[in-house]
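Number of protein chains: 2
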Amino acid sequence: MNHEGHVGAIEAGGTKMVCAVGASWQEIRDGEKFVVPTTSPEETMALVMDWFVERDAETPLAAIGVASFGPIDFATDSIAMSTPKDAWRGVSWRRHVSRRLRDAAIGLDTDTNAAGLAEWRWGAAQDRQVAAYVTVGTGIGGALIINGAPVHGLLHPEMGHMVVPRQRGDEFAGTCPAHGDCLEGLACGLAVTRRWGHSGPQFPPDHAAWELESDYLALALVNIITIASPEVIIMGGGIMAVEGLLDRVRTKVRDRMAGYVAKEELASRIGEYIVAPGLGSSSGVVGAYALGSRAALDERK
Amino acid sequence: MNHEGHVGAIEAGGTKMVCAVGASWQEIRDGEKFVVPTTSPEETMALVMDWFVERDAETPLAAIGVASFGPIDFATDSIAMSTPKDAWRGVSWRRHVSRRLRDAAIGLDTDTNAAGLAEWRWGAAQDRQVAAYVTVGTGIGGALIINGAPVHGLLHPEMGHMVVPRQRGDEFAGTCPAHGDCLEGLACGLAVTRRWGHSGPQFPPDHAAWELESDYLALALVNIITIASPEVIIMGGGIMAVEGLLDRVRTKVRDRMAGYVAKEELASRIGEYIVAPGLGSSSGVVGAYALGSRAALDERK
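Line by line, the protein sequences are chains S and D.
For the first sequence, the tail end lands on 309 under the working numbering, and the numbers increase by one without skipping.
For the second sequence, the tail end lands on 309 under the working numbering, and the numbers increase by one without skipping.
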């Protein structure tokens with residue numbers, strides 16, 4: 009066991025919650041996962057917390073780290089009012105955890121910030137001063153990790169809601185309830201499904217869906233590069249598992265930047281600049297562990 | 009005189025160089041300015057350095073701070089190969105300064121990063137962990153100041169070259185030599201001039217040019233907000249002096265964000281969130297002083 013003690017990790021997504029306990033990030037990555045579908049807050053929270061209370065009885069948990077879908081209101085550690093998942097509005101992680109595990113510290117951040125943090129500590133963004141993590145799945149999210157900490161600022165980045173130029177001939181209205189055709193509205197997994205009529209990952213890699221998808225994702229990365237100047241961009245999420253998609257995005261980013269920023273990372277070394285997660289699909293739950301272990305350390309200061 | 013000593017400041021723009029010396033930022037802001045038109049590097053550098061050598065003879069300069077147009081190659085402290093100003097490619101600030109002022113430390117950053125830094129230290133971004141500075145003039149630039157330091161990352165932000173959706177009916181090709189219709193190509197001062205046939209600031213505030221301009225600038229801020237989550241956005245540069253333009257941008261950012269990030273800064277307090285520079289038009293030269301005074305301090309460590 010390391011000096012942060014035993015830590016619980018919750019990767020709280022819109023469709024499922026992934027729970028784990030461990031005393032190191034490797035134990036979290038490799039160990040048992042308890043998975044609960046995200047239904048009503050009452051039902052889901054009860055199942056999740058029951059499991060952690062049982063684990064705590066075996067080995068006391070110093071902290072629980074929560075990597076949650078958002079937006080998050082850090083003033084109350086709650087899922088914010090504007091979340092698209094209506095029933096979860098205002099649900100407070102702090103309240104739910106502390107009611108059942110009185111002695112555990114709580115670390116909370118967005119799922120995306122947590123995954124980016126995990127990639128910085130143990131994955132593909134190690135030793136970088138400025139790193140971006142982008143996830144493309146049911147929704148689209150992004151994090152900036154600067155000097156080892158996720159950027160919060162006003163609240164936290166909501167990269168899925170940036171705007172990008174529509175590609176010629178694409179008349180799809182977009183799926184974002186708030187913005188219509190923002191990046192997420194045009195290019196998230198849901199948008200792929202709705203635009204093309206059935207669920208994305210069933211398309212072959214040479215389907216036109218992925219040509220268009222790579223156009224939008226490349227434009228999104230151009231915006232991240234020109235605004236935040238990351239030294240590496242990590243692209244995770246279910247959609248990025250499509251064969252060849254990451255390579256298409258790389259080529260289009262390089263072409264669109266057109267040599268304006270004269271760095272080899274945006275030319276011959278683009279393959280090392282835009283990369284898959286070093287932690288594979290474990291970035292989220294390992295990120296939750298990172299939040300929990302930091303909270304445990306802070307508690308003892 | 010303060011502990012950093014007497015410092016020279018150069019705001020090096022594409023049309024002119026503004027030079028000043030002083031022992032505090034207020035002296036730089038309020039004191040004499042020596043202004044040289046930006047012509048050939050040889051001619052311009054000779055005039056600039058002659059003036060500083062004379063000032064140095066009166067009171068030795070501990071450092072020279074340079075806030076330069078870019079892109080900048082920090083490996084050689086030069087103006088990078090991809091600058092649109094051909095004759096200045098590869099011109100090294102370090103070489104030019106050290107040849108004439110052997111004992112002066114040199115601080116160098118982009119004009120935009122320097123102005124953002126000045127706004128953080130003494131202007132409208134004081135005490136903010138995450139601040140954005142955007143300048144809209146002949147070109148468009150932007151800086152992120154995080155925990156008091158301009159973000160560099162891969163190189164430095166080049167926010168003018170982000171992409172935004174074209175507004176309906178706008179068929180203008182864009183002026184950016186590298187990207188055509190990136191933000192700068194569609195909305196910089198040069199683009200306003202070319203699209204509408206004559207120089208922007210001559211248009212009345214109710215001219216359609218400013219309606220379109222505010223559309224593009226608002227979309228740019230939406231991208232900065234969603235990607236970097238600044239706690240304040242400062243908008244400087246000649247174009248922002250147009251009456252009512254800042255207010256139009258505020259309204260459109262608020263409307264476009266549509267409450268998704270539930271913060272008063274993006275609703276009722278938008279007027280305190282998107283603001284004019286606290287240092288007025290002095291951000292650049294005061295930023296150059298900030299770079300110089302920091303270099304003087306670093307030198308003595």
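Built from N, CA and C at the ideal position, the CB exists for glycine as well.
Inset, instruction - Using only alpha-carbon positions, find the residue among D:ALA228, D:ALA65 and D:HIS164 that is nearest to ILE233 of chain S. - result: D:HIS164
Inset, instruction - Go through the segment 109 to 141 of chain S residue by residue and report every complete run of the alpha helix (DSSP H) that reaches 4 residues or more, in order. - result: 119 to 130
Inset, instruction - Just mark ASP117 of chain D as buried or exposed, buried being the case when its beta carbon has 16 or more other beta carbons within 10 Å. - result: buried
Inset, instruction - In the DSSP assignment, find the alpha helix (DSSP H) that holds PHE60 of chain S and state where it starts and stops. - result: 49 to 66
Legend entry - Candidates S:LEU253, S:ASP189, S:VAL269 and S:GLY279: closest to PHE211 of chain S by CA position: S:LEU253
Inset, instruction - Using a Cβ cut-off of 8 Å (strictly closer), state whether THR234 of chain S contacts chain D. - result: yes
Inset, instruction - State the CB to CB distance for the pair VAL71 of chain D and GLU307 of chain D, rounded to an integer number of angstroms; the pair is presumed to be in contact (CB under 8 Å). - result: It should be noted that the sequence gives Ala, not Val, for residue 71 of chain D. Contact holds; Cβ gap of about 7 Å.
Inset, instruction - For LYS271 of chain D, decide whether its Cβ has a neighbour in chain S, counting only Cβ atoms nearer than 8 Å. - result: yes
Legend entry - Contacts around LEU229 of chain D, its chain only, beta-carbon distance under 7 Å, and the 5 residues preceding and following it disregarded: ILE241, VAL257, VAL261 and ILE282
Inset, instruction - Check whether the Cβ atoms of GLY149 of chain S and GLY168 of chain S sit closer than 8 Å, and answer yes or no. - result: It is a contact, given that the beta carbons lie within the stated cut-off.
Legend entry - Any chain A beta carbon closer than 8 Å to GLU166 of chain D: Judged by its chain identifiers, the structure shown contains no chain A, and its protein chains are S and D.
Inset, instruction - Mark ASN231 of chain D as exposed unless 16 or more other C-beta atoms lie within 10 angstroms of its C-beta, in which case mark it buried. - result: buried
Inset, instruction - Determine which residues of the segment 141 to 173 of chain D have a Cβ less than 8 Å from any Cβ of chain S, and write them out in chain order. - result: GLY150, LEU152, ILE154, ASN155, VAL159, HIS160, GLY161, LEU162, LEU163, HIS164, PRO165, GLU166, MET167, GLY168, HIS169, MET170, VAL171, VAL172 and PRO173
Legend entry - Short Cβ contact (8 Å threshold) for PHE60 of chain D with GLY16 of chain D: Cβ atoms of PHE60 of chain D and GLY16 of chain D: closer than 8 Å.
Legend entry - Buried versus exposed call for ASP81 of chain D [16 or more other C-beta atoms within 10 Å across all chains shown]: buried
Legend entry - Near-chain D residues of the segment 216 to 230 of chain S - C-beta to any C-beta below 8 Å: LEU227 and VAL230
Inset, instruction - Counting only the same chain and skipping the five closest in sequence on each side, list residues whose C-beta sits under 6 Å from that of VAL26 of chain S. - result: GLU19, LYS41, VAL43 and VAL293
Legend entry - Per-residue DSSP class, three states only, for GLY295 of chain S: helix
Inset, instruction - Could you tell me whether the Cβ of PRO49 of chain D comes closer than 8 Å to any Cβ of chain S? - result: Closer than 8 Å: no.
Legend entry - Residues in the segment 109 to 141 of chain D having any Cβ partner in chain S nearer than 9 Å: ARG136, GLN137, VAL138, ALA139 and ALA140
Inset, instruction - Whole angstroms is fine: what's the gap from GLY177 of chain S's alpha carbon to GLY22 of chain S's? - result: 31 Å
Inset, instruction - Output the distance between the C-alpha atoms of GLN6 of chain D and THR84 of chain D, rounded to the nearest integer angstrom. - result: As displayed, chain D neither begins before 9 nor continues past 309, which places residue 6 of chain D out of reach and without an answer.
Legend entry - Outcome for ARG107 of chain S when other beta-carbon atoms lying within 10 angstroms are tallied against a minimum of 16: ARG107 of chain S counts as exposed, since fewer than 16 other C-beta atoms from the protein chains shown sit within 10 angstroms of its C-beta.
Inset, instruction - Below 7 Å CB to CB, which residues in the same chain sit around ASN121 of chain D once its five sequence neighbours on both sides are set aside? - result: ALA151, PRO158 and HIS164
Legend entry - C-beta neighbour in chain D for ALA186 of chain S, strict 8 Å: With respect to chain D, the C-beta atom of ALA186 of chain S has a partner C-beta closer than 8 Å.
Inset, instruction - Count the other CB atoms, across all protein chains shown, that sit within 10 Å of the CB of LYS271 of chain S; report buried if there are 16 or more and exposed otherwise. - result: It is buried - the Cβ of LYS271 of chain S has at least 16 other Cβ atoms within 10 Å.
Inset, instruction - List the residues of chain S that PRO213 of chain D touches, going by C-beta distances under 9 Å, in chain order. - result: Under the 9 Å cutoff, chain S gives no residues; its nearest Cβ is about 26 Å from PRO213 of chain D.
Legend entry - Cutoff 8 Å: ALA181 of chain S Cβ touching any chain D Cβ: no
Inset, instruction - Using 10 angstroms around the beta-carbon of HIS14 of chain D, count the other beta-carbons present and answer buried if the total reaches 16, otherwise exposed. - result: buried
Inset, instruction - Consult DSSP for GLU40 of chain S and reduce its assignment to one of helix, strand or coil. - result: coil
Legend entry - Candidates S:ALA113, S:ASP111 and S:VAL142: closest to ALA126 of chain S by CA position: S:VAL142
Inset, instruction - Would you kindly work out how many angstroms separate the C-alpha atoms of ALA236 of chain S and THR183 of chain D, rounded to a whole number? - result: When rounded, the distance between both Cα atoms is 23 Å.
Legend entry - Residue nearest to LEU227 of chain D in terms of C-alpha spacing, selected from D:HIS160, D:GLY131 and D:LEU194: D:LEU194
Inset, instruction - Give the straight-line distance between the Cα atoms of ILE247 of chain D and THR259 of chain D, rounded to the nearest whole angstrom. - result: Answer to the nearest angstrom: the Cα atoms are 18 Å apart.
Inset, instruction - Would you mind sorting ARG277 of chain D into buried or exposed? The rule is 16 or more other CB atoms within 10 Å of its CB. - result: It is exposed - the Cβ of ARG277 of chain D has fewer than 16 other Cβ atoms within 10 Å.
Inset, instruction - Excluding the 5 residues preceding and the 5 following GLU273 of chain S in the sequence, name in chain order all residues of the same chain whose CB lies nearer than 6 Å to its CB. - result: The residues TYR281, in chain order, have a CB closer than 6 Å to that of GLU273 of chain S in the same chain once the five nearest residues on each side in sequence are set aside.
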